[in-house]
Amino acid sequence: MENEEIKSSYTSWVLLGGALLIIFGVCIGAAFLYEQRFQETFYPGVSVGSLGLGGKTYDEAQDFLVQVLRPYNEQGIVVQFEDRAVSFLPVNIAPFDPDIAREVYRFEENKSLEHAWSVGRRGPLAQQVLEKIRALFIGKEVPLNYSVDSELLVGVLDENFADLEEPAENAEVVFIDKTQELSIDKEKDGWVFDRELFVQKFKQSISKTEFGPVEIVQKNDYPEVSSVDIEPLLPQIEELISIRSLTLTYSNKKWSVSKELFRDWLNFISRENASEAISSLFSESGMVAGEKIEKVLSINEEKLLAFLDEEVRDDIKVFPQEAKFEINAATKEVVKLQGGAPGKDIDILATRRAIEESVFVNRETSIEIATIEVEPKVTEANIWELGILEIIGTGYSDMRGSPSNRRHNIAVGADALHGLLIAPQEEFSLLKALGEINAASGYLPELVIKGNKTIPEYGGGLCQIGTTTFRATLSTGLPVTQRRNHSYQVPYYNDAYGLPGTDATIYDPAPDYRFLNDTENYVLIQTRIETNDIYFDFWGTLDGRSVEQSKTLVYNVTPPPPTKFIETLELEPGEKKCTESPHNGADAQFTYAVTYEDGEEKEETFVSHYRPWQEVCLIGVEELEGDESKDLGVE
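Residues 0 to 634 in numbering that gives the first Met the number 0 are what the sequence shown lists, from first letter to last.
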């Protein structure tokens, strides 16, 4: 009996073991067949955003994503608030000068494909198996990679929708001329767009590939100054508005501020943001004893600044004069072009506080404008000891085919750099060196399309300056610390072989172009323009370093979209202006290697991605249905 039980137990274990072996064999077989089936494809359940890739080969998935994303690359992502909808293009298009085209967002589908392809193929075997099972039964969503310039995105939002907002209104003091009385206009609540949330939603729509209209969400906006804040200050306001006028002075110059304008400058700020004198003036022991004062009187800094900019600044501001030098190429003699001298500008904060303390505290009506001295970075004191001996590198570019506005801006920019000195270990900023890029500095504007708005902007042609500086940096063997390529291929910047990839774009306030002077001596920039040829010579002292730069490799070439037509009020009715011919998109890269005198080597690969450049035509019309520019689509 006992033997039969043992035999029965043994049989059961054998059957169980056999069953387990069969199950294990089936699982192994199924896993083998599953792996064989999807060896060359994405595993089932894997997606980029909402776009399923399971069963597709890598090339098929790549083509699939390109096709799905093409409409949004060409026509943009629709942004909507109530009944207004605007297509936000990936790039703020500058139809007549690609220099000032700026990329707002970019899809980086290849990064997402690499991530999605790695699902079930990375890490230890156990991890791979778990990822495959999870993808099959639950799904594995990989976000669509992207880059978004949040500042530019909000700028496009503001250009196209900000006029719809109803921001809160602060309580205000109103002076009634007929009765010579003061009254208070009560504060009003309002609403504005939630810009931070909008940027999040816009990014999320890309990440999840859910490209339905991105709805703009509004939020409540509350006033900062209430009638309760103002009421305790009315006695002081009544006394102040009796002042007939103010006089701002500087040196032997005077500017009159009418009583109406002065009243308009009156503002209310929190006591903690006021100067000590103003805060104590309105303290409990001061002019309004017994009252708890949360706000104090102030001068509106924005309105004061507007007045000073329009009426005063040109008579006071002096730009610092950097010492500039030129080298005679034949004799190598250093010649001083101009000596360094400090500049001067208005100190807005100090001027505001001077007005407040003079008028509010002392009841004085003549106020001296405060200024600040701006020191130059280079003087002539030690120029002869700076090691400016020879040309250590030259950058070259060709502006052939540039229109007159562009040539003008290039000449202005080149002149701003000519003769500048860069100290040892100094990081050179091109934007800082160029200074203010506006009409006052001599620059001419070009039109830029932002959503449905066509707006004049400055900066056209200055990327020729950026590109030539970049090439001079490479020729010299200096480290590049900040560089971005253009959004599009720009023919002006193709190299000697007609290839893209050695350009550098700049745009105030960003991106900048920067490099480090890691030599032991100063570097002097000399710029020269010879018809269509632009040369930037870097002078200094050769230190034994050598430079090698590979030929540019161009790949992933993509054709441009069809021509885009946009109606605008910026042109005369019937007038039509089109960009230059379209250009392919592409990726490009080259290697930059520097060998120093001590044998140390440094190598860097510069990679550039260029969007396809479609032809854009602006068509002038007499009026539009509510918008400044209207997208007519593509031909």
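C-beta: ideal position from N, C-alpha, C; glycine also. Computed from a predicted structure; not experimentally measured.
G476 and T551 do not touch by the CB rule: their CB atoms are close to 18 Å apart, not below 8 Å. Taking all protein chains in view, the Cβ of F136 is surrounded by fewer than 16 other Cβ atoms within 10 Å, so the residue is classified as exposed. Partner residues in the beta bridge of F535, as assigned by DSSP, are G394, T526.
For A100, the three-state secondary structure derived from DSSP is coil.
The three-state reading of DSSP puts L143 in coil, since its state is none of H, G, I, E or B. Under the three-state reduction of DSSP, E309 is assigned to helix. Across the set N219, K207, K139, A170, the C-alpha of N219 shows the shortest separation from the C-alpha of G189.
Rounded to whole angstroms, the Cβ separation of G539 and N520 is 5 Å, and the two are in contact under 8 Å.
Taking the C-beta atoms as reference points, F427 is found nearer than 8 Å to R513. For S206 against G48, the beta-carbon gap comes to about 6 Å, under 8 Å, which counts as contact.
The way I'd put it, the stretch 502-509 does touch the stretch 479-493; three or more beta-carbon pairs between them come closer than 8 Å. In the structure shown, A471 adopts helical secondary structure according to DSSP, grouped into three states. Here the stretch 240-253 does not lie against the stretch 108-128, with fewer than 3 beta-carbon pairs under 8 Å apart. In summary, G465 is buried, with 16 or more beta-carbon neighbours lying within 10 Å of its beta-carbon over all protein chains present. Shortest Cα-Cα distance from L416 to any of Y395, C577, I524 involves I524. By the Cβ-count criterion, G400 is exposed, with fewer than 16 other Cβ atoms from all chains shown falling within 10 Å of its own Cβ. Per DSSP, D220 is one residue of the beta strand (DSSP E) stretching across 217-220. Judged by DSSP secondary structure, S269 falls outside any alpha helix (DSSP H) and instead within the beta strand (DSSP E) spanning 265-269. For G619, the enclosing beta strand (DSSP E) has its first and last residue at 615-619.
Along the stretch 42-102, the beta strand (DSSP E) occurs as fully enclosed runs of 3 or more residues at 45-47, 76-80, 83-87, listed in sequence order. When DSSP states are grouped into helix, strand and coil, V360 belongs to the helix group. Between V311 and I268, the C-beta spacing is not below 8 Å.
Here K563 is not near L570, since their CB atoms are 8 Å or more apart.
Residue nearest to L265 within the set V615, K253, Q235 is Q235 (criterion: CA-CA distance). Non-local C-beta neighbours of V224 in its own chain, meaning closer than 7 Å and more than five positions away in sequence, comprise N169, A170, E186, F267, K294, ordered along the chain. It is roughly 14 Å from the alpha-carbon of I183 to the alpha-carbon of D263.
Annotation: W254 is outside any alpha helix (DSSP H); the continuous beta strand (DSSP E) that includes it extends over 252-257. DSSP places W190 in the uninterrupted beta strand (DSSP E) bounded by 189-192. Counting only residues of its own chain and dropping the five nearest sequence neighbours on each side, S255 has a CB closer than 7 Å to the CB of S244, T246. Across the structure, I409 and S226 are spaced so that their CA atoms are roughly 54 Å apart. For the pair L388 and I347, the CB atoms are not nearer than the 8 Å cut-off. Shown here, N555 sits in a strand according to DSSP, grouped into three states.
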